[in-house]
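Down below is the structure, laid out as structure tokens.
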Amino acid sequence: MKTSLAILEERNEYLDYLDSIAIPSRGNGLGYVSVFCGGGGLDLGFASAGFKPLFSSDLIPAYCNTVHENLGKHIVEPHDISELSGKTVTDRLGVAVDMVIGGPPCQSFSILGSRKSTDDPRGQLVYEYARFIREIKPKAFLFENVPGILTINKGKDWKEMLSVFEQETGYHLISTKLNAVWFGVPQYRQRIILLGFRRKLDRDRFQWPKRTHSESFEQPELGLLLPRKSELAFEDLVDLPNHIIREHCDRVASRYSQIPCGGRDRKDHTDRIHPERPSGTVLVGSGAGGGRPFIHPFEHRHITVREAARLQSFPDWWEFSGGPTAAYRQVGNAVPPIMARAVAKEIAKAIQG
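The structure is reproduced here in structure tokens:
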């Protein structure tokens, strides 16, 4: 049986592609502010598309450390958004902000409703994000989250959220559902992307990024590449950051050994990755503190943070701060940088005409 220790003489094309993700020395002249930055998937996507990082923030210090250590050279601070003033941020920056990006934690939407009807502060995050955008006055903003927000409370919460952004910002909105596999990420991962443009002309000029890869091997679409296989993320894994292998007891390892690729363990509901297909959605936890873990396609163990990060399209040079649980959570909550970059490039085209 093949193991992840088998190193090819040449790195595969996917790893070469991840290696090529870099921050250009000359950007596109647009600057962004990021809140709820998490592990930096959106930040890396926008920065690699040519946007200049101006200010990044998250409530959790370890997440801020991740973005600071990898991007640096801009303000990265932990803040509660309810206590963060957009005017204070712009005054500190001394420049106009072109873009605000972020995605409040999905727990917000399960309790979204009237400002007066909930005491849970998470239910206010959408309102606070909209308020922050209004105070910053960017040319555009991005909001992202899980597809489940469309159906919570029979779709009423999604309509309420759109109303919040329209009323609080006055921006022209457009939204869609994207799948990371369409852009060459070896993972089926859907995200809802909502964009708001200050000028209607920019909204009308915007086009969603074109798909580069098919979703299916069985019914490939004409003119698109086949999906990338998950096995590409498990090669050449020696001496890399965030690649600490968790040892399982003999009983668990023996149980995992009976699970075929693409199968599920009935006891703890863990899925084994099928190497010949894109993986399922990398979830928060992946074996350390919440979320459903993945089992390695060739070895009888959970995947590491680095392996999960590769499935998310993070390059190997992007390191995650904090302990294993914090690192897994950053990876599991992130927007795949490759998908974020594709959206960012189209936003820049719309804004700059």
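For the sequence shown, counting from 1, position 114 maps to 114 in the UniProt record's numbering; every step adds exactly one. Backbone N, C-alpha and C fix where the C-beta goes; we use that ideal spot for every residue, glycine too. Here the structure is a predicted model, which means the values were calculated and not measured.
Span of the alpha helix (DSSP H), counted from its first residue to its last, around residue i
{"i": "F183", "result": "That residue, F183, is in no alpha helix (DSSP H); it is neither H nor E in DSSP."}
{"i": "I152", "result": "Unbroken run through I152: none, as it is neither H nor E."}
{"i": "V305", "result": "305-311"}
{"i": "V126", "result": "125-136"}
{"i": "D316", "result": "Note, D316: premise wrong, no alpha helix (DSSP H); not H, not E."}
{"i": "L201", "result": "200-205"}
Option nearest residue i by Cα separation, candidates the options
{"i": "E346", "options": "I21, F46, R26, T66", "result": "F46"}
{"i": "R211", "options": "D202, K200, L224", "result": "L224"}
{"i": "H274", "options": "Y17, Q167, R228", "result": "R228"}
{"i": "P324", "options": "M339, R306, I338", "result": "R306"}
{"i": "A327", "options": "G353, H300, V252, N242", "result": "N242"}
{"i": "F206", "options": "A348, S254, A309", "result": "A348"}
{"i": "F36", "options": "H79, I259, I149, S254", "result": "H79"}
{"i": "S279", "options": "S20, N179, G102", "result": "N179"}
{"i": "residue 362", "options": "W208, P61, G72, G41", "result": "Here the chain covers residues 1 to 353 and nothing more, so residue 362 does not appear."}
{"i": "Y188", "options": "P209, L195, H213, G31", "result": "H213"}
{"i": "G353", "options": "D268, K200, C249", "result": "K200"}
{"i": "Y63", "options": "A308, E160, G40", "result": "G40"}
{"i": "F141", "options": "G103, P297, K159", "result": "G103"}
{"i": "P297", "options": "S257, A309, L222, K267", "result": "S257"}
{"i": "D250", "options": "L237, R301, D265", "result": "R301"}
{"i": "A350", "options": "E13, L195, W182", "result": "L195"}
{"i": "I75", "options": "P61, S57, G86", "result": "S57"}
{"i": "E128", "options": "N153, I152, T151, M161", "result": "M161"}
{"i": "L42", "options": "G29, N12, T151, N145", "result": "N145"}
{"i": "V339", "options": "Y171, K177, S254", "result": "A small correction: the amino acid at residue 339 is Met; Val does not occupy that position in the sequence shown. That would be K177, whose Cα lies nearest to the Cα of M339."}
{"i": "T169", "options": "S254, R264, G86, P61", "result": "G86"}
{"i": "T304", "options": "P61, N153, I152, V238", "result": "V238"}
Beta-carbon gap between residue i and residue j smaller than 9 Å
{"i": "I245", "j": "D271", "result": "no"}
{"i": "I23", "j": "L59", "result": "no"}
{"i": "E69", "j": "S321", "result": "yes"}
{"i": "F234", "j": "L226", "result": "no"}
{"i": "N333", "j": "G38", "result": "yes"}
{"i": "F197", "j": "K137", "result": "no"}
{"i": "F143", "j": "I193", "result": "yes"}
{"i": "R203", "j": "I174", "result": "yes"}
{"i": "R341", "j": "A130", "result": "no"}
{"i": "E231", "j": "E276", "result": "yes"}
{"i": "F314", "j": "P337", "result": "yes"}
{"i": "L125", "j": "P105", "result": "yes"}
{"i": "G31", "j": "V95", "result": "yes"}
{"i": "W208", "j": "V100", "result": "no"}
{"i": "F55", "j": "R92", "result": "yes"}
{"i": "L44", "j": "W318", "result": "yes"}
{"i": "A309", "j": "V335", "result": "no"}
{"i": "D236", "j": "N12", "result": "yes"}
{"i": "V252", "j": "E215", "result": "no"}
{"i": "Y17", "j": "G184", "result": "yes"}
Anticipated Cβ contact below 8 Å, residue i with residue j, distance rounded
{"i": "R329", "j": "V284", "result": "5 Å"}
{"i": "V97", "j": "V33", "result": "5 Å"}
{"i": "L240", "j": "D316", "result": "6 Å"}
{"i": "P186", "j": "L311", "result": "6 Å"}
{"i": "Q190", "j": "P260", "result": "25 Å between Cβ atoms; not a contact."}
Terminal residues of the beta strand (DSSP E) in which residue i lies
{"i": "A140", "result": "140-145"}
{"i": "L195", "result": "190-197"}
{"i": "V100", "result": "99-102"}
Interface flag, residue i vs chain D, CB-CB below 9 Å
{"i": "I244", "result": "The structure shown contains no chain D; it holds only a single protein chain."}
Start-end ranges of the alpha helix (DSSP H) lying completely within the region 1-65, minimum 4 residues: 13-19, 41-48
Complete runs of the beta strand (DSSP E) confined to the region 210-270 [at least 3 residues]: none
Beta strand (DSSP E) runs wholly inside the region 323-351, at least 3 long, in chain order: none
4 or more residues per run - each alpha helix (DSSP H) lying fully within the region 69-96: 86-93
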